[in-house]
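A short write-up of the structure that comes next.
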Amino acid sequence: MITLAEFIRIFTKRPGIFIGSSFLIIIFIGAGFLSLPQATSTGEKMPFVDALFTATSATCVTGLIVRDTGQYFSAFGHVVILLLIQIGGLGIMTLAAFFGAMFAGRLSVSQHAAVKEVLDVKSAEEILRLLRFIVIATFSLEALGFLVLLPVWVGNTDSLGTALFYSLFHAISAYCNAGFSLFSDGFMHYRGDALLNFTITSLIILGGLGFYVLANLYYWFLSLFKEGDGISVTLHTKLVLITTAILLALGIVCFYLFERNHSLATLEPFHQFLVSYFQSVTTRTCGFHTVDIGSLTSPTLLLFMFLMLIGGSPGGTAGGIKTTALVLLVTTTYCFLRGRDETAFFGRTIPKFVIRRTFAILICSFTAILVSSVILLSIETWDFEGIIFEVFSAFGTVGLSTGITPHLSVAGKIVITILMFIGRLGPLTLAVILIKERAVLVSYPEEKIAVG
Numbered sequence: 003m004i005t006l007a008e009f010i011r012i013f014t015k016r017p018g019i020f021i022g023s024s025f026l027i028i029i030f031i032g033a034g035f036l037s038l039p040q041a042t043s044t045g046e047k048m049p050f051v052d053a054l055f056t057a058t059s060a061t062c063v064t065g066l067i068v069r070d071t072g073q074y075f076s077a078f079g080h081v082v083i084l085l086l087i088q089i090g091g092l093g094i095m096t097l098a099a100f101f102g103a104m105f106a107g108r109l110s111v112s113q114h115a116a117v118k119e120v121l122d123v124k125s126a127e128e129i130l131r132l133l134r135f136i137v138i139a140t141f142s143l144e145a146l147g148f149l150v151l152l153p154v155w156v157g158n159t160d161s162l163g164t165a166l167f168y169s170l171f172h173a174i175s176a177y178c179n180a181g182f183s184l185f186s187d188g189f190m191h192y193r194g195d196a197l198l199n200f201t202i203t204s205l206i207i208l209g210g211l212g213f214y215v216l217a218n219l220y221y222w223f224l225s226l227f228k229e230g231d232g233i234s235v236t237l238h239t240k241l242v243l244i245t246t247a248i249l250l251a252l253g254i255v256c257f258y259l260f261e262r263n264h265s266l267a268t269l270e271p272f273h274q275f276l277v278s279y280f281q282s283v284t285t286r287t288c289g290f291h292t293v294d295i296g297s298l299t300s301p302t303l304l305l306f307m308f309l310m311l312i313g314g315s316p317g318g319t320a321g322g323i324k325t326t327a328l329v330l331l332v333t334t335t336y337c338f339l340r341g342r343d344e345t346a347f348f349g350r351t352i353p354k355f356v357i358r359r360t361f362a363i364l365i366c367s368f369t370a371i372l373v374s375s376v377i378l379l380s381i382e383t384w385d386f387e388g389i390i391f392e393v394f395s396a397f398g399t400v401g402l403s404t405g406i407t408p409h410l411s412v413a414g415k416i417v418i419t420i421l422m423f424i425g426r427l428g429p430l431t432l433a434v435i436l437i438k439e440r441a442v443l444v445s446y447p448e449e450k451i452a453v454g
């Protein structure tokens, strides 16, 4: 039987296990609550597989659902889902910071380097300061979103309480990039509501940028009004902001071009822009929708799969391989074609171990996607396009679906459940685990091989 000392030693030496185990505990507790008769509107117990799927989707802030969230669950069930979303969205950040604060003083040199790399901090005090910023910024932005969304539903629902809960639920779901909605058709009924569209997308973008970027911009802005050495905008922040803007613009233009004669054909120009903008934002990270995903053209679905794979930015509430990984892959290729041995950006050289880790994460990501796709194609009867789209959505923790999720078999639901968990924790966990406990000091002779 494992002792307490061994238990603590495992968690201090394998931080990825600590973070993953914490999320598993949250998921199973949530599944237990959702399995209660009080969690459904009819008073019937939800099958445990469906409860586990929903709890995983909420905790991993994905948004894929097997039951209509607004109709199937009771008020109690809605509160459970909302708490799981908040814990999942905030927890992926605070657990990392908590881990650093708890164990930074007792880590080996390589593990301490891992903590600094993941959190971009140098001391336990700085970790605690960052933790405070994360918590305050999260609740402040969610509260602001809640207040701005109130006019959308106040006077348009059966009661003030309903309007308040709608605003709260969707503000938290948007900032945490969860994509859970209380409406059966998502936000299709609100596709022409500029206030809702811009508020929801603003929350999604802020949540997807990552707390590194938000903290850096916040302290940089404060330093402008103080004397002395100012705080500069970091290379990481620049890369994230530039990549986010490029992907957003790419999504808007491509979605409009692919759908102008299809799902956008009957809409007026401004509404066409709103839908294109909304889907470009939400497809990378969140999963809200203002169009019927199942009716989109194949080029659009392929575009969405690319955006879902990229996801958000490190340290945020979104999944995917992350925007910085995309930049490093593209930049490394460009530098290689130019005959450069190093990867450089904005006059800064990227460490080689960061490049190696990026490629390792990419390979692990494609492996998870490939294995899941093969399994689902073997056990499900749905078309290739629908299943592959579902896999990318689950791994990227996005939550968009062509409509097959509720109709998956029990085995299919389990595969998607596992994939959502891997997709949510994969990049962060791998970032820590891939830094070995002890460096290998053996150097072998070089020999070239043909690679193409």
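Under my numbering, the first residue of the sequence shown is numbered 3, with each subsequent residue one higher. Even for Gly, the Cβ is constructed at its ideal location relative to N, Cα and C. Predicted, not measured: the structure shown is a model, and the values here were computed from it.
Can you say whether residue i is buried or exposed, counting buried as having 16 or more other CB atoms within 10 angstroms of its CB?
i, result
"D294", "exposed"
"K324", "buried"
"D385", "exposed"
"D52", "buried"
"G45", "exposed"
"Q88", "buried"
"E387", "exposed"
"S300", "exposed"
"G405", "exposed"
"T334", "buried"
"Y214", "buried"
"L311", "buried"
"E270", "exposed"
"I27", "exposed"
"S403", "buried"
"L241", "buried"
"R69", "buried"
"R359", "buried"
"I138", "exposed"
"L132", "buried"
"V453", "exposed"
Taking the Cβ atom as the reference point for each residue, do residue i and residue j lie within a distance shorter than 8 Å?
i, j, result
"L266", "T285", "no"
"I424", "A370", "yes"
"F397", "M307", "no"
"I206", "C288", "yes"
"L226", "T239", "no"
"L305", "F260", "yes"
"A217", "F347", "no"
"S175", "F167", "no"
"Q73", "S186", "yes"
What does a CB cutoff of less than 6 Å around residue i pick up in its chain, not counting 5 residues either side in sequence?
i, result
"T56", "L36"
"W222", "I233, V235"
"A180", "V63, G65, I87"
"N199", "L276, F280"
"K415", "V51, F55"
"G156", "Looking at the sequence provided, one finds Val at residue 156 rather than Gly. Same-chain partners within the cutoff: A165."
"S278", "I254, F257, Y258"
"L109", "Because the pLDDT of L109 is 43, which lies under 50, any placement of that residue in the model is unreliable, and the number read from its coordinates should be weighed accordingly. Excluding residues within five positions, none has a Cβ falling inside 6 Å."
"P49", "none"
"C337", "T345"
Between the Cα of residue i and the Cα atoms of the options, which residue gives the shortest distance?
i, options, result
"I248", "G314, T404, N179", "G314"
"H291", "F260, A33, G401", "G401"
"L184", "L197, I206, L66, E270", "L66"
"M422", "I31, A60, I27, I28", "A60"
"L92", "T140, K240, K415", "T140"
"I29", "F200, L84, Q73", "L84"
"E382", "Y74, L243, T407, S367", "T407"
"S204", "L146, T159, L166", "L146"
"Y192", "N158, A413, F135, T302", "N158"
"T302", "G321, L339, F272, H264", "H264"
"T268", "K228, G194, C337", "G194"
Report, in whole angstroms, the separation of the C-beta atoms of residue i and residue j, which I expect to be a contact under 8 Å.
i, j, result
"C62", "T399", "5 Å"
"S282", "G253", "3 Å"
"T71", "V150", "The pair is not a contact, with the Cβ atoms about 22 Å apart (cut-off 8 Å)."
"G163", "V82", "Actually they do not touch by this definition, with Cβ atoms about 18 Å apart."
"Y177", "G209", "4 Å"
"G22", "L378", "Actually they are not in contact, since the Cβ atoms of G22 and L378 sit about 23 Å apart, beyond 8 Å."
"F75", "Q40", "Actually they do not touch by this definition, with Cβ atoms about 10 Å apart."
"V393", "S375", "5 Å"
Which same chain residues, not among the five before or five after residue i, have their C-beta less than 7 Å away from its C-beta?
i, result
"F148", "S169, L170, A173"
"I357", "L330, T334, T345"
"T419", "L54, F55, T58"
"F355", "none"
"V417", "S374, I377, L378"
Leaving out five residues on either side along the sequence, give the residues of the same chain with a beta carbon under 8 Å from the beta carbon of residue i.
i, result
"Q274", "Y258, R262, L266"
"R350", "L237"
"P153", "L197"
"L501", "In the structure as shown, the chain begins at 3 and stops at 454. Residue 501 is therefore absent and cannot be evaluated."
"A373", "A quick correction: the sequence has Val, not Ala, at residue 373. Excluding residues within five positions, none has a Cβ falling inside 8 Å."
Using a Cβ-Cβ distance cut-off of 8 Å, determine whether residue i contacts chain C.
i, result
"S76", "Of the chains in the structure shown, none is chain C; there is only one protein chain."
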